[in-house]
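Here the structure is laid out as structure tokens; the discussion comes afterwards.
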Ligand code: SF4
Ligand code: SF4
Ligand code: SF4
Ligand code: FES
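This is the structure in structure tokens:
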């Protein structure tokens with residue numbers, strides 16, 4: 040198959056720890072298979088700056104924590120056919136959302152002002168503005184497939200992506216669960 | 004083993020999912036279903052404790068009625084036709100699970116019972132792959148004042164198993180429920196810190212019947228807390244033997 044006809048594949052991480060991407064790399068030799076089956080058009084693992092048009096499958100790791108995350112997501116949704124919430128942070132907001140009950144202001148104060156910093160100040164230049172609450176991807180855009188797990192195992196990712204590439208709907212909850 | 008008493012109790016015959024079943028008239032639809040290997044999901048129910056109908060997960064339909072019946076507290080009746088997995092029930096159970104998860108703070112990845120949790124495994128079994136409702140993210144306390152155990156209200160689903168085991172089996176009645184609706188919480192004694200409770204015998208029964216990570220042993224880290232329930236059927240059968 041020529042590069043032009045292969046499904047266009049992308050991955051991205053928002054407010055996550057990169058653990059889901061590490062699990063993705065854990066697919067080891069199947070990555071070579073996958074590389075033969077798809078064209079990787081965007082990912083933290085490849086060197087492309089802008090998210091391209093006409094992407095078939097995008098895996099999103101991480102919760103939505105900032106205004107910048109929202110902008111990225113809206114653009115990616117408009118350009119992706121099958122959007123996958125990849126891992127517990129994307130599906131439930133998980134660990135990043137553990138700040139939610141306390142409110143952003145209290146958390147920033149605790150981290151940047153009350154700690155023993157030499158120059159206590161809350162960063163507000165250049166860095167993206169945080170949302171008051173971290174939310175799951177599906178609260179911002181429509182999600183087509185959910186893969187719970189922290190992180191989902193390499194086996195799970197392989198099974199889900201494999202099924203989707205074969206044009207079938209994967210039975211994800213038979214493979215994984217929250218906290219898996 | 005205590006001998007099985009010969010019962011003269013009347014037997015009812017009826018249908019579950021089209022299958023003919025029979026049960027003693029004092030049995031619940033849930034007991035009858037389980038005796039016939041028909042699965043009905045439950046959370047608040049625990050064999051050996053009284054049933055309260057707190058979680059509503061065991062709801063079933065009975066032909067001819069529009070109402071839903073909690074199978075754990077509904078007695079069997081002659082000739083009824085019970086449905087356990089209609090489209091409506093499957094939909095409602097999934098909604099119930101999502102509401103439970105949205106109401107408090109569940110972070111399985113860092114939870115003391117990760118991999119040993121009835122709420123978690125039930126969610127998986129019911130195919131809950133995400134929660135459609137907004138998470139409420141309430142600010143709730145963790146009471147670690149007890150020398151051996153702790154209660155994390157973030158993980159409590161208000162099933163009242165702790166209340167029932169402490170009252171019915173340990174007969175200490177340390178636990179109870181305070182407040183109403185979404186503001187409810189389980190309390191020890193008169194809403195005092197657990198460590199200051201004068202009634203708690205430190206038996207740990209509540210910790211072991213709790214289906215979630217809300218009650219746990221101190222010193223256990225993520226995924227280390229597996230609950231031990233063997234004591235419950237044992238104590239119940241000893242007690243029944245004494246009564247007979
Ligand atoms: S109590 Fe169960 S469902 Fe809740 S966070 Fe812990 S493991 Fe997950
Ligand atoms: S440890 Fe025993 S006595 Fe204390 S609250 Fe739990 S069940 Fe009741
Ligand atoms: S503490 Fe555990 S047993 Fe008690 S009501 Fe909450 S979830 Fe149920
Ligand atoms: S198991 Fe019947 S209501 Fe909870």
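Residue numbers (our numbering), protein chains in the order written: chain A, 40 to 219; chain B, 4 to 247. Every residue, glycine too, gets a C-beta built ideally from N, C-alpha and C. On a predicted model such as this, the values are computed, not experimentally measured, just so you know.
Worksheet item: Are residue 173 of chain B and residue 204 of chain B close, meaning C-beta to C-beta below 8 Å?
Response: Translated into positions along the second chain, residue 173 of chain B becomes position 170. Translated into positions along the second chain, residue 204 of chain B becomes position 201. Yes, these two residues count as a Cβ contact at 8 Å.
Discussion item. Considering Cα atoms alone, identify which of B:97, B:96, B:233, B:133 is closest to residue 50 of chain B.
Written reply: The residue labelled residue 50 of chain B in the question sits at position 47 within the second chain. Residue B:233 is the option with its Cα nearest to residue 50 of chain B.
Worksheet item: Cβ of residue 154 of chain B less than 8 Å from any chain A Cβ?
Response: To locate residue 154 of chain B, count along the second chain from 1; it is residue 151. For residue 154 of chain B, the answer is no, since every Cβ of chain A falls outside 8 Å of its Cβ.
Practice prompt. Could you check if residue 80 of chain B is buried or exposed, using at least 16 other CB atoms within 10 Å of its CB as the buried criterion?
Written response: The residue you call residue 80 of chain B lines up with position 77 of the second chain. Its Cβ having fewer than 16 others within 10 Å, residue 80 of chain B is exposed.
Worksheet entry | Whether residue 36 of chain B touches residue 47 of chain B by CB criterion (8 Å) | Here residue 36 of chain B refers to the residue found at position 33 when the second chain is read from its first residue. Here residue 47 of chain B refers to the residue found at position 44 when the second chain is read from its first residue. The Cβ atoms of residue 36 of chain B and residue 47 of chain B lie no closer than 8 Å to each other.
Fill in: Helix, strand or coil at residue 152 of chain B according to DSSP, with G and I counted as helix
Start at 1 with the first residue of the second chain, and residue 152 of chain B comes out as number 149. Looking at residue 152 of chain B - three-state DSSP - the assignment turns out to be strand.
Worksheet item: Are at least three pairs of beta-carbons, each pair with one atom in the stretch 182-200 of chain B and one in the stretch 221-241 of chain B, less than 8 Å apart?
Response: Verdict: no, contact absent.
Worksheet item: Applying a beta-carbon distance threshold of less than 7 Å, which residues of chain A neighbour residue 110 of chain B?
Response: Taking the first residue of the second chain as 1, we reach residue 110 of chain B at position 107. Residues of chain A with a Cβ closer than 7 Å to the Cβ of residue 110 of chain B are, in chain order, 133, 134, 137.
Worksheet item: What is the DSSP secondary structure of residue 70 of chain B, reduced to helix, strand or coil?
Response: Residue 70 of chain B sits at position 67 when you count from the first residue of the second chain. Coil, per DSSP.
Item to complete: Any chance you could list the beta strand (DSSP E) runs of at least 3 consecutive residues sitting entirely within the stretch 104-145 of chain A, in chain order?
Response: You should have 119-125.
Discussion item. Quick check: is the beta carbon of residue 136 of chain B nearer than 8 Å to any beta carbon in chain A?
Written reply: In the second chain, counting from the first residue as 1, residue 136 of chain B sits at position 133. Cβ-Cβ to chain A under 8 Å: no for residue 136 of chain B.
Discussion item. I'd like the list of long-range same chain contacts for residue 195 of chain A, defined as Cβ closer than 7 Å, with 5 residues on each side in sequence excluded.
Written reply: Against the first chain, residue 195 of chain A aligns to sequence position 156. Excluding its 5 nearest sequence neighbours in each direction, residue 195 of chain A has C-beta neighbours in its own chain below 7 Å: 186, 188, 214, 215, listed in chain order.
Worksheet item: Can we count residue 177 of chain B as close to ligand 2, meaning its CB is less than 7 Å from some heavy atom?
Response: Working through the second chain from its first residue, we reach residue 177 of chain B at position 174. Look at residue 177 of chain B: its beta carbon is less than 7 Å from one of the heavy atoms in ligand 2.
Worksheet item: With a cut-off of 8 Å, does the C-beta of residue 141 of chain B fall near any C-beta of chain A?
Response: Working through the second chain from its first residue, we reach residue 141 of chain B at position 138. Closer than 8 Å to some Cβ of chain A, the Cβ of residue 141 of chain B qualifies, so yes.
Practice prompt. Below 8 Å on the Cβ atoms is my guess for residue 48 of chain A versus residue 78 of chain A; work out the distance and round it to an integer in Å.
Written response: Residue numbering aside, residue 48 of chain A sits at position 9 when the first chain is read from its first letter. Residue numbering aside, residue 78 of chain A sits at position 39 when the first chain is read from its first letter. That belief holds up - the Cβ atoms of residue 48 of chain A and residue 78 of chain A are roughly 7 Å apart, short of 8 Å.
Worksheet item: CB residue 198 of chain B to CB residue 155 of chain B, shorter than 8 Å?
Response: Numbered from 1 along the second chain, position 195 holds the residue referred to as residue 198 of chain B. Numbered from 1 along the second chain, position 152 holds the residue referred to as residue 155 of chain B. No. Outside cutoff.
Practice prompt. Pair every Cβ in the stretch 116-129 of chain A with every Cβ in the stretch 49-68 of chain A, then say whether three or more of these pairs are closer than 8 Å.
Written response: Yes, the stretch 116-129 of chain A is in contact with the stretch 49-68 of chain A.
Worksheet item: So is residue 130 of chain A in contact with chain B if we call contact Cβ pairs under 8 Å?
Response: By 1-based counting over the first chain, the position of residue 130 of chain A is 91. Residue contact check for residue 130 of chain A against chain B: a CB pair falls below 8 Å.
Worksheet item: Between residue 211 of chain A and chain B, is there a C-beta pair that is closer than 8 Å?
Response: Along the first chain, read from residue 1 onward, the residue named residue 211 of chain A stands at position 172. Output row for residue 211 of chain A: interface = yes.
Practice prompt. Just the C-alpha distance for residue 90 of chain B and residue 156 of chain A, rounded to the nearest angstrom, thanks.
Written response: Taking the first residue of the second chain as position 1, residue 90 of chain B is located at position 87. Taking the first residue of the first chain as position 1, residue 156 of chain A is located at position 117. Cα to Cα, residue 90 of chain B sits roughly 57 Å from residue 156 of chain A.
Discussion item. Pop quiz: residue 174 of chain A and residue 132 of chain A are said to be a contact at Cβ under 8 Å. What is the actual Cβ separation, rounded to whole angstroms?
Written reply: Walking along the first chain from the start, residue 174 of chain A turns up at place 135. Walking along the first chain from the start, residue 132 of chain A turns up at place 93. With a Cβ gap of about 6 Å, residue 174 of chain A and residue 132 of chain A count as contacting.
Item to complete: Count the other CB atoms, across all protein chains shown, that sit within 10 Å of the CB of residue 134 of chain B; report buried if there are 16 or more and exposed otherwise.
Response: Within the second chain, the letter at position 131 stands for residue 134 of chain B. So residue 134 of chain B ends up on the buried side.
Worksheet item: Expressed to the nearest angstrom, what Euclidean distance is found between the alpha-carbon atoms of residue 32 of chain B and residue 71 of chain A?
Response: For this step, residue 32 of chain B is matched to residue 29 along the second chain. For this step, residue 71 of chain A is matched to residue 32 along the first chain. In this model, residue 32 of chain B and residue 71 of chain A are separated by some 54 Å (Cα to Cα).
Item to complete: Would you identify the three-state DSSP class for residue 124 of chain B, choosing helix, strand or coil?
Response: Locating residue 124 of chain B in the second chain gives position 121, counting from the first residue. Looking at residue 124 of chain B - three-state DSSP - the assignment turns out to be helix.
Worksheet item: Are residue 148 of chain B and residue 196 of chain B close, meaning C-beta to C-beta below 8 Å?
Response: Taking the first residue of the second chain as 1, we reach residue 148 of chain B at position 145. Taking the first residue of the second chain as 1, we reach residue 196 of chain B at position 193. Residue 148 of chain B is a Cβ neighbour of residue 196 of chain B, given a cutoff of 8 Å.
Discussion item. Taking the alpha-carbon of residue 16 of chain B as reference, which of B:223, B:84, B:212 has the nearest alpha-carbon?
Written reply: As a first step, residue 16 of chain B is located in the second chain; it is residue number 13 there, counting from the start. Nearest C-alpha to residue 16 of chain B: B:84.
Fill in: Cβ neighbours of residue 99 of chain B in the same chain (closer than 7 Å, five flanking residues each side left out)
Sequence index remark: in the second chain, residue 99 of chain B carries index 96 (1-based). When the five nearest sequence neighbours on each side are left out, the beta carbons in the same chain lying within less than 7 Å of the beta carbon of residue 99 of chain B are those of 59, 60, in order along the chain.
Discussion item. Can you confirm whether residue 113 of chain B, when its beta carbon is compared against all beta carbons of chain A, has any partner nearer than 8 Å?
Written reply: Along the second chain, one-based indexing puts residue 113 of chain B at 110. Yes - at least one Cβ of chain A is within 8 Å of the one on residue 113 of chain B.
Discussion item. Given the structure, does residue 216 of chain A come close to ligand 1, in the sense that its CB is under 7 Å from one of the ligand's heavy atoms?
Written reply: Counting from 1 along the first chain, the entry for residue 216 of chain A is found at position 177. Residue 216 of chain A Cβ: outside cutoff for every heavy atom of ligand 1.
Item to complete: Check the Cβ of residue 141 of chain A against every Cβ in chain B and list those closer than 7 Å, keeping chain order.
Response: Counting from 1 along the first chain, the entry for residue 141 of chain A is found at position 102. Among the residues of chain B, those whose CB is under 7 Å from the CB of residue 141 of chain A are 142, following chain order.
Discussion item. If we define contact as Cβ-Cβ less than 8 Å, is residue 59 of chain A a contact residue for chain B?
Written reply: Within the first chain, numbered from 1, the residue matching residue 59 of chain A stands at position 20. Not one chain B Cβ lies under 8 Å of residue 59 of chain A.
Worksheet item: For residue 168 of chain B, which three-state DSSP category applies?
Response: Here residue 168 of chain B is taken as the residue at index 165 of the second chain, counted from 1. Helix, per DSSP.
Discussion item. Out of A:65, A:106, A:104, A:98, which one is the CA nearest neighbour of residue 115 of chain A?
Written reply: For the purposes of this step, residue 115 of chain A is taken as the residue at position 76 of the first chain. Among A:65, A:106, A:104, A:98, the Cα nearest to that of residue 115 of chain A belongs to A:98.
Worksheet item: Which residue from B:178, B:77, B:69, B:114 puts its Cα closest to that of residue 227 of chain B?
Response: Numbered from its first residue, the second chain carries residue 227 of chain B at position 224. Taking only the C-alpha atoms, the option nearest residue 227 of chain B is B:114.
Worksheet entry | Candidates B:108, B:22, B:21, B:27: closest to residue 14 of chain B by CA position | Position 11 of the second chain, counted from the start, is the residue given in the question as residue 14 of chain B. Nearest C-alpha to residue 14 of chain B: B:27.
Item to complete: Following the continuous beta strand (DSSP E) through residue 65 of chain B, name the residue where it begins and the one where it ends.
Response: The residue labelled residue 65 of chain B in the question sits at position 62 within the second chain. 62-65 is the extent of the beta strand (DSSP E) around residue 65 of chain B.
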